[in-house]
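Below: one structure, written as structure tokens.
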Amino acid sequence: MQLSSEVDVAIIGAGAAGLGAYCALADHGLSVIILEARDRIGGRALTRYLPEGIVFDAGCEWLHSADHNAFVQIASASHFDVADAGVHWGEQTYDINFPLSEQREFYAASEAFYARLELAAQIPDDSSAAVWLEQGNRWNPLIEAVSCYVNGSELSGVSVHDVESYFETGVNWRVRRGYGALISAYGACCNVALGTHVSAVDYSARKIQVETSRGTLRARRVIYTLSTALTVEQVVRFHPALPAKIAASMGLPLGYAEKVMLAINEPEAFPEEGHLFGATDRTATGSYDLRPLGQPCIEAFFGGSFARELEAAGELASFAIDELVALLGTTFRNKVRPCATSCWARDRYAKGSYSHALPGHSQDRESLAAPVDGRLFFAGEATSRQFFSTAHGAYESGLRAANEVADSLGLALEGATGLPLGASQGFRTASVA
Ligand SMILES: Cc1cc2nc3c(=O)[nH]c(=O)nc-3n(C[C@H](O)[C@H](O)[C@H](O)COP(=O)(O)OP(=O)(O)OC[C@H]3O[C@@H](n4cnc5c(N)ncnc54)[C@H](O)[C@@H]3O)c2cc1C
């Protein structure tokens with residue numbers, strides 16, 4: 014695609030945020046383009062189709078708060094089947110190394126910990142979530158492991174105020190053909206310049222100059238959606254500089270989360286929708302989904318600094334298999350083979366998984382989201398107050414930025430929903446409690 018020399022709105026990044034912004038702005042008489050460095054759309058939403066029909070969502074997989082999640086309606090409009098198979102994350106199928114009595118003890122310890130966080134969030138001074146662990150509690154390592162999966166970070170790096178402002182309903186569904194595939198299908202009608210790396214945005218003149226690997230584009234408005242890790246690295250240089258955005262992004266680092274997909278022989282020997290923790294007495298352990306959606310595979314999930322270490326050492330798959338062999342017996346080794354791993358930490362256009370706020374930095378989400386000069390607008394999961402770290406949070410932030418752009422141009426986006434272009438009416442975005 015040829016880059017036109019001038020547009021009304023240039024959106025940087027074709028992840029859930031950028032695509033949502035585009036769909037909300039389209040059909041309002043504006044010329045809009047998304048500039049995307051990769052040769053695909055979706056960003057941290059990526060479905061890979063593996064041999065034996067295995068669907069691997071390397072990035073987002075769960076429609077969190079599905080009863081409030083705009084992608085559920087988008088899936089329906091796009092004819093993607095959504096599965097409500099329930100979640101089994103906290104369970105230990107077969108009781109192996111984690112009998113039911115201990116599982117109950119763990120849930121009680123975990124619930125007590127989160128109740129303390131809720132109270133701690135009432136204190137005006139923010140604190141680190143790690144402070145609220147009960148000293149010496151036997152379940153602390155596993156509570157830490159769960160934080161690594163959920164936040165991408167150990168509790169010491171997590172703000173209590175931020176955790177408490179996250180909104181979830183506890184309803185989690187999946188997309189049979191993949192969440193990444195759904196988001197790519199959603200964006201299929203968007204005007205995206207792929208393979209277009211943006212390196213600078215100069216807003217010192219009346220028309221904003223956007224420098225890309227395919228030439229310079231002029232725009233009246235820009236929506237920027239890059240991950241906080243990339244903002245800190247200043248992969249896009251702003252002129253005049255935006256030190257407040259860099260400072261806010263430093264307070265909202267990307268955590269680490271990585272996955273390994275293991276194909277299994279004789280899948281019928283394993284329960285569908287089972288779950289195992291690799292260990293219960295250490296944080297450096299995997300979370301294993303057995304036969305998700307009935308598929309012939311086990312999906313391993315690692316989080317926090319341990320995920321980063323394993324990924325950097327190329328040991329995600331070998332560690333997962335060793336941990337499972339320790340649980341399931343030596344014969345398991347002959348029944349399993351790795352077929353895909355993620356590598357978000359090293360991914361040039363993400364540099365991590367999802368954002369968490371450092372203690373004392375939960376307000377940085379508002380700072381990051383705030384428009385600059387009435388012409389630069391900011392979206393992306395890290396700008397979402399209640400749905401940060403998620404794909405639907407990214408999407409909603411794109412709608413918010415699109416509305417800000419429209420306001421700045423004196424337009425009303427009434428009826429602009431972000432529904433897939435050309436889809437029928439009657440769609441409502443998630444309402445937030
Ligand atoms: C392992 C993992 C598991 C996850 N699980 C879930 C889950 O179950 N449920 C859920 O809701 N969320 C989940 N997430 C989070 C979710 O995927 C993200 O929050 C969401 O996709 C982020 O969307 P975004 O648009 O904010 O950012 P991105 O998707 O990162 O989009 C930004 C875009 O900008 C592009 N870009 C970068 N640099 C440049 C440049 N210089 N020029 C042009 N373009 C550039 C990138 O290529 C990218 O396409 C998971 C993420 C990971 C990594």
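If you use this note's numbering, the sequence shown closes out at 446, no skipped numbers anywhere.
We treat Cβ as the ideally placed atom computed from N, Cα and C, and that holds for glycine.
All figures in this text were calculated on a predicted structure; none of them were measured in a lab.
When the distance is taken between beta carbons, is residue 103 closer than 9 angstroms to residue 57? no
Ignoring anything shorter than 3 residues, give me the beta strand (DSSP E) runs that lie fully in the region 278-306, in order along the chain. Positions of the beta strand (DSSP E) runs, each at least 3 residues long and wholly inside the region 278-306, are given as 287-290, 300-303 in order along the chain.
Taking the beta strand (DSSP E) that residue 353 falls in, what are its first and last residues? 349-354
Any idea which residues DSSP pairs residue 84 with across the strands? DSSP output for residue 84 lists no bridge partner at all.
Excluding the 5 residues flanking residue 61 on each side, which residues of the same chain have their C-beta closer than 7 angstroms to its C-beta? Within its own chain, the residues whose Cβ lies closer than 7 angstroms to the Cβ of residue 61, once the five positions on either side in sequence are excluded, are 69, 71, 353, listed in chain order.
Please work out which residues of its chain come closer than 6 angstroms, Cβ to Cβ, to residue 19, disregarding the five sequence neighbours upstream and downstream, and give them in chain order. 231
Cβ pair residue 110, residue 293 closer than 9 angstroms: yes
Would you say the region 105-121 touches the region 212-225, given that touching needs at least three Cβ pairs under 8 angstroms? no
Helix, strand or coil at residue 252 [DSSP, three-state]: strand
Relative to the alpha-carbon of residue 48, which residue among 26, 356, 37 has its alpha-carbon at the smallest distance? The residue with the shortest Cα to Cα distance from residue 48 is 26.
Which value, in whole angstroms, describes the spacing of the CA atoms of residue 408 and residue 303? 29 angstroms
For residue 225, three-class secondary structure by DSSP: strand
Is any non-hydrogen atom of ligand 1 found closer than 8 angstroms to the C-beta of residue 160, if you look at the structure I gave you? no
For my contact list, residue 243 and residue 364 are in at a C-beta cut-off of 8 angstroms; report their separation, rounded to the angstrom. 6 angstroms
CA nearest to the CA of residue 166, picked from 141, 196, 415: 141
Using C-beta distances below 7 angstroms, list every residue in its chain close to residue 181, excluding the 5 sequence neighbours before and after it, in chain order. 77, 78
Taking the C-alpha atoms as reference points, what is the distance between residue 129 and residue 146? 9 angstroms
Rounded C-alpha distance that separates residue 32 from residue 106: 39 angstroms
For residue 338, which residues in the same chain have their Cβ closer than 6 angstroms to its Cβ, ignoring the five residues on either side in sequence? Cβ within range, chain order: 345, 346.
What's the C-alpha gap between residue 64 and residue 405? In this model, residue 64 and residue 405 are separated by some 29 angstroms (Cα to Cα).
Run the CB neighbour count on residue 308, radius 10 Å, all protein chains shown included, and call it buried at 16 or more, exposed below. It is buried - the Cβ of residue 308 has at least 16 other Cβ atoms within 10 Å.
Straight-line gap, residue 35 to residue 421 (C-alpha atoms, nearest Å): 16 angstroms
Are the beta-carbon atoms belonging to residue 92 and residue 375 less than 9 angstroms from one another? no
Would you list the residues sitting across from residue 68 in a DSSP beta bridge? 62
Are residue 395 and residue 378 closer than 9 angstroms when you measure CB to CB? yes
If you compare alpha carbons, which of 403, 178, 98 is closest to residue 127? 178
Residue ranges of each alpha helix (DSSP H) run of no fewer than 4 residues wholly in the region 102-188, ordered along the chain? 113-133, 153-164, 173-178
Cβ shell of residue 52 (< 8 angstroms), same chain only, five flanking positions each side left out: Counting only Cβ-Cβ distances below 8 angstroms, and skipping sequence neighbours, we find 207, 208.
Under 9 angstroms between the Cβ atoms of residue 203 and residue 39? Contact: yes.
Note down, in chain order, each residue of its chain lying with its Cβ closer than 6 angstroms to the Cβ of residue 285, except the 5 sequence neighbours on either side. 304, 307
At a cut-off of 8 angstroms, is residue 239 close to ligand 1 when judged by its beta-carbon and the heavy atoms of the ligand? yes
Which one or two residues does DSSP pair with residue 263 in a beta bridge? According to DSSP, residue 263 bridges with nothing at all.
Have a look at residue 279 and residue 300 and give me their C-alpha separation to the nearest angstrom. Cα atoms of residue 279 and residue 300: separation of roughly 21 angstroms, rounded to the nearest angstrom.
Classify residue 100 as helix, strand or coil using the three-state DSSP reduction. coil
Report whether the distance from the Cβ of residue 73 to the nearest heavy atom of ligand 1 is below 8 angstroms. Residue 73 Cβ: within cutoff of ligand 1.
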